[in-house]
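Note that the protein sequences, when read in sequence, are chains A and B. Under the numbering used here, the first residue of the first sequence carries the number 92, and numbering increases by one thereafter. Under the numbering used here, the first residue of the second sequence carries the number 2, and numbering increases by one thereafter. Have a look at the structure below before the remarks.
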Amino acid sequence: MDIFVQQLVNSLSVASVTILIGIGITLIFGLAGIVNFAHGEFLMVGGMATWFMVGAGMNFFVALVLAGLLVGALGFAAERCLFRFTLNRPMNGFIMSIGLSVILQHAVIRVFNEFQKSITDPVGMVWTIGGVDIIAMRAIVVAITAVVVAITYFGISRSRYGMALRASVSDRDTAELMGIPVRRYVTGVFIYGSLLAGIGGALMISLFPITPFTGSVIIIRGFAVSLIGGLGNVGGAVVGGLVLGLVDGLSAGYGYPEWTDAYSLVVMILILVLRPQGLLGGTLGPKAS
Amino acid sequence: MRQLGLGLAVAAAGFAMALQTARADEELPIGVIAAQSGSFVSAGNTIVGAANLAAQQINDAGGIKVGDKTYKIKLYIRDNRTDVNVTIAAARELVNDIGVKAIWGTETHDFSVSMAKITGPAKVLQFSGNSSLGAVLDDKAVADDGWLHYAFQSEPQEWQRSGSTAKGVLSLLTPQLKSPPKHSVVFVGNDATGQYLSSHYVKALEAEGQKVDLVQYPPDTTDFSPLLTRIKGMKPDIVHFWYNGDSTLTAFPQALKLGVAPSYFLFGVDPGIYQERSLKADVPVTLSCVPVCWGSSPYPEVKQYFEKYFGLGAAKGPQSSVSLLYYDYFFWYAKALEKVGKLDDPDAVVAELLKSDYKGVVSPVPLVFNKHHQVTFATEVCMVEPNTSDQFKCAVEQPPAAPPPGDNGG
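If you want it as structure tokens, here you go:
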């Protein structure tokens with residue numbers, strides 16, 4: 092029983108970082124209409140920046156905020172200099188983002204090196220409750236994710252900005268005629284999604300070492316989470332992340348462990364076949380014009 | 002007129018000197034194919050580091066005297082981007098367009114086999130530090146007309162490495178535990194290399210009396226906690242993190258936090274990295290290097306080698322010691338060329354390599370290729386004192402004389 096409860100706790104923490112990257116992708120892909128395959132590398136850059144700042148003696152939580160801002164700035168630059176020119180041609184943007192991901196990987200190798208980086212656990216505590224080990228930093232990651240999810244959810248569903256953004260997704264031309272600065276909103280979403288990737292990277296390196304290639308692995312899960320939940324749907328990304336986390340945790344614990352990745356991707360395929368709009372529904376992604 | 006004669010004499014002397022220099026600087030083209038980008042870059046860069054150091058040392062010492070000519074090594078280094086198709090294209094270019102006499106690489110097991118299908122027909126020697134070549138290096142393959150006649154495995158056979166590692170780990174850990182360990186879990190990445198290597202290691206542990214469970218994880222896993230929780234439920238005496246040093250460095254701290262086992266073994270994690278990462282465990286932990294450690298070098302030659310290797314700018318990584326699977330063979334190849342006295346007789350060079358030995362850095366015992374073109378040398382295993390990051394007790398374990406029961410050796 093202890094082991095089963097431990098696996099449930101593990102599943103929750105497995106889900107957290109995935110949810111963060113999933114939210115970033117679901118916003119950028121589902122609302123801004125940009126397929127950014129380099130989003131995983133944005134997360135990696137956030138992790139590397141955190142490693143650098145913590146190594147230079149900075150407090151982890153300060154570094155986390157700065158990493159978010161840095162990657163947000165990177166997102167701003169990428170949107171203004173690259174993706175802005177592909178808004179009407181999503182496939183061009185997609186291919187460009189693949190190139191950007193490779194460039195970012197090798198830029199990081201050039202600046203640092205190819206070896207994995209890690210930091211000392213910022214909290215370094217393990218709580219044992221009823222035979223279940225709860226790693227304190229993982230609990231903090233879950234808590235930070237919950238706060239980010241709440242802010243994003245209310246920002247999208249309740250704020251004027253969020254409503255205008257959703258109006259832009261429904262009918263871009265009408266929204267523009269109504270005076271909504273759609274282009275500026277797209278930039279804002281891209282920056283916010285990138286900022287979340289930076290925070291995700293900082294949280295990730297507090298749990299696991301990362302390499303310049305970490306992003307290309309995690310991006311697949313990020314897209315899976317956003318598609319399972321429904322593109323553009325923040326609640327959907329949370330549900331998607333939890334579904335994948337549970338499948339990962341329980342299949343690793345009780346299934347064939349070497350197939351752990353396959354189980355979660357099979358679940359994704361089934362959901363997309365049965366509910367193409369995702370579990371909670373979404374925007375169905377960018378429309379080519 | 003006298004001035005003209007003097008000028009002509011000076012010009013002639015200059016021309017002669019230039020000719021002399023040109024002769025002295027004749028090039029011996031050698032190819033290196035390694036991952037300088039992509040997921041295997043941390044191992045790939047070690048080959049390039051070793052090649053650069055060896056070529057520099059050979060050239061600085063005057064080059065290689067073959068017959069009446071002296072050759073300087075000219076390296077043609079190609080990045081395979083951890084991609085088998087790029088590897089094949091690079092091998093074709095090096096063999097067909099540049100005309101290299103030998104190729105070092107790759108570190109990726111199945112890529113080396115693909116390369117051999119290009120180097121073999123072209124009679125280009127290939128030195129690959131992959132133990133899984135043992136699965137294909139047999140009497141027929143290495144025969145004069147065999148497809149691997151020109152391929153050499155510069156890493157010991159896997160049953161040898163597994164045997165020496167298992168013995169070393171158990172002999173270091175047993176005195177540290179309350180009762181002799183009986184149950185081991187081998188935790189390994191589920192890729193071609195992981196499957197091949199762990200199949201031998203499981204047999205080696207069983208030969209040492211261990212009950213062994215094998216748990217495989219998908220490559221590129223970062224959150225190991227569900228799998229480690231499963232292993233904890235198996236109540237093992239030792240968890241052996243096998244094969245991939247980077248994955249081990251990700252999983253091991255998670256295992257410590259979850260209290261998975263009373264002792265651990267980390268394959269391919271150098272004591273230098275353990276110290277650099279400030280890893281610390283309150284239970285006994287053993288480490289092994291492929292083949293000897295830079296963080297706790299067993300011989301003075303190894304220590305000097307790593308000082309020069311890192312001095313050339315190579316980064317200190319968990320797999321830096323892999324460079325030693327490549328370095329010595331430059332000197333051995335040069336020695337064989339000098340002995341043969343001809344550059345364009347690869348069959349004679351192969352024959353010379355098979356009948357000669359070479360005392361290099363990697364082993365105090367001279368290296369010898371067996372009839373299947375494979376070398377044998379020992380493996381270094383270290384134990385970290387509990388609650389320290391820098392107190393190591395190391396032993397160099399010799400390989401067993403024969404494969405364990407159930408292991409066909411290939």
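Idealized CB from N, CA, C, for every residue including glycine.
Using the beta-carbon of each residue, which ones in chain B are nearer than 9 Å to residue i?
i         : result
Asp339(A) : Asp224 and Pro227
Gly344(A) : Pro227, Leu228, Thr230, Arg231 and Gly234
Pro300(A) : Thr223, Asp247, Leu250, Thr251, Pro254 and Arg278
Ser209(A) : Leu250, Thr251, Pro254 and Arg278
Thr305(A) : Asp221 and Thr223
Gly105(A) : The sequence shown places Val at residue 105(A), rather than the Gly named in the question. Those are Asp224, Ser226 and Pro227, listed as they occur along chain B.
Name the residue from the options whose alpha carbon lies nearest to the alpha carbon of residue i.
i         : options                                       : result
Thr1(B)   : Tyr77(B), Gly39(B) and Lys141(B)              : Not covered by the structure: residue 1(B). The range shown for chain B is 2 to 411.
Pro272(A) : Phe281(A), Thr219(A) and Ser259(A)            : Ser259(A)
Leu126(B) : Ile119(B), Ser113(B), Ile104(B) and Phe112(B) : Ile104(B)
Gln196(A) : Ala129(A), Gly124(A) and Pro348(A)            : Ala129(A)
Val213(B) : Asp221(B), Val203(B) and Pro220(B)            : Val203(B)
Val277(A) : Arg257(A), Val108(A), Glu132(A) and Gly138(A) : Arg257(A)
Pro299(B) : Asn245(B), Gln37(B) and Pro365(B)             : Pro365(B)
Pro400(B) : Ala352(B), Val303(B), Glu156(B) and Ala123(B) : Glu156(B)
Val350(B) : His374(B), Asn86(B), Val362(B) and Leu54(B)   : His374(B)
Thr120(B) : Thr230(B), His201(B), Trp148(B) and Lys258(B) : Trp148(B)
Gly137(A) : Gly323(A), Val316(A) and Ser285(A)            : Ser285(A)
Val325(A) : Gly373(A), Met182(A), Pro303(A) and Ala198(A) : Gly373(A)
Gln57(B)  : Val363(B), Ala167(B) and Tyr328(B)            : Tyr328(B)
Do you know how far the Cα of residue j is from the Cα of residue i?
i         : j         : result
Ala396(B) : Tyr72(B)  : 40 Å
Leu313(B) : Ser297(A) : 32 Å
Leu405(B) : Leu173(B) : For clarity, residue 405(B) is Pro in the given sequence; the question names Leu instead. Roughly 20 Å separates the two Cα atoms.
Ala23(B)  : Lys70(B)  : At Ala23(B) the pLDDT is 49, less than 50, meaning the model places this residue with poor confidence and gives no usable figure here.
Glu398(B) : Asp391(B) : 21 Å
Glu339(B) : Ala62(B)  : 14 Å
Val42(B)  : Thr83(B)  : 7 Å
Gly292(A) : Ile210(A) : 12 Å
Leu165(A) : Val376(B) : 50 Å
Ile65(B)  : Leu171(B) : 45 Å
Ala136(B) : Ile48(B)  : 22 Å
Ile231(A) : Val239(A) : 12 Å
Ser423(A) : Glu132(A) : Absent from the structure is residue 423(A), since the part of chain A shown begins at 92 and ends at 380.
Leu257(B) : Ala237(A) : 27 Å
Gly222(A) : Asp93(A)  : 6 Å
Does the beta-carbon of residue i have 16 or more other beta-carbons within 10 angstroms, so that it is buried, or is it exposed?
i         : result
Lys102(B) : buried
Ile239(B) : buried
Trp218(A) : exposed
Phe151(A) : buried
Val205(A) : The sequence given here has Glu at residue 205(A), not Val. With 16 or more other Cβ atoms within 10 Å, it is buried.
Val216(B) : buried
Ile110(A) : buried
Phe370(B) : buried
How about residue i and residue j: do their beta carbons lie closer than 7 Å?
i         : j         : result
Gly336(A) : Val100(A) : no
Ile99(B)  : Ser115(B) : no
Phe381(A) : Ile112(A) : The structure shown does not extend to residue 381(A), since chain A is modelled only from 92 to 380, so the question has no answer here.
Phe225(B) : Gln177(B) : no
Ile310(A) : Met359(A) : no
Gln206(B) : Ser185(B) : It is worth fixing the name first, because residue 206(B) is Leu in this sequence and not Gln. A contact, by the Cβ cut-off of 7 Å.
Ile242(A) : Phe167(A) : no
Leu134(A) : Gly306(A) : yes
Gly50(B)  : Tyr334(B) : no
Gly340(A) : Gln98(A)  : yes
Ile247(A) : Gly159(A) : no
Ser289(B) : Thr175(B) : no
Asp187(B) : Ser200(B) : The identity of residue 187(B) in the sequence shown is Val, whereas the question assumes Asp. Cβ distance not < 7 Å, so Val187(B) and Ser200(B) don't count as in contact.
Met216(A) : Ala234(A) : no
Thr230(B) : Pro300(A) : no
Taking residue i as the query, report the chain C residues whose CB atoms sit under 7 Å from its CB, ordered along the chain.
i         : result
Ile226(A) : Going by chain labels, chain C is absent from the structure shown, which instead holds the protein chains A and B.
Please list the partners that residue i has in chain A, where partner means a Cβ-to-Cβ separation under 7 Å.
i         : result
Gly318(B) : Phe206
Ser324(B) : Simply none; closest approach about 14 Å.
Below 7 Å on C-beta distance, what does residue i contact in chain B?
i         : result
Asn101(A) : Ser226, Pro227 and Thr230
Gln97(A)  : Thr230
Val308(A) : Asp221
His197(A) : Ser38
Under 9 Å between beta-carbons, which chain A residues line up against residue i? List them in chain order, please.
i         : result
Gly218(B) : The sequence shown places Tyr at residue 218(B), not Gly. Neighbours of Tyr218(B) on chain A, chain order: Ala343, Pro348, Glu349 and Thr351.
Ser43(B)  : Asn204, Glu205, Phe206, Gln207 and Thr302
Taking residue i as the query, report the chain B residues whose CB atoms sit under 8 Å from its CB, ordered along the chain.
i        : result
Ile94(A) : Thr230, Arg231, Lys233 and Gly234
Under 6 Å from any heavy atom of the ligand SAH, does the C-beta of residue i make it?
i         : result
Ser129(B) : Within the structure as shown, the ligand SAH is missing, as the structure has no ligands at all.
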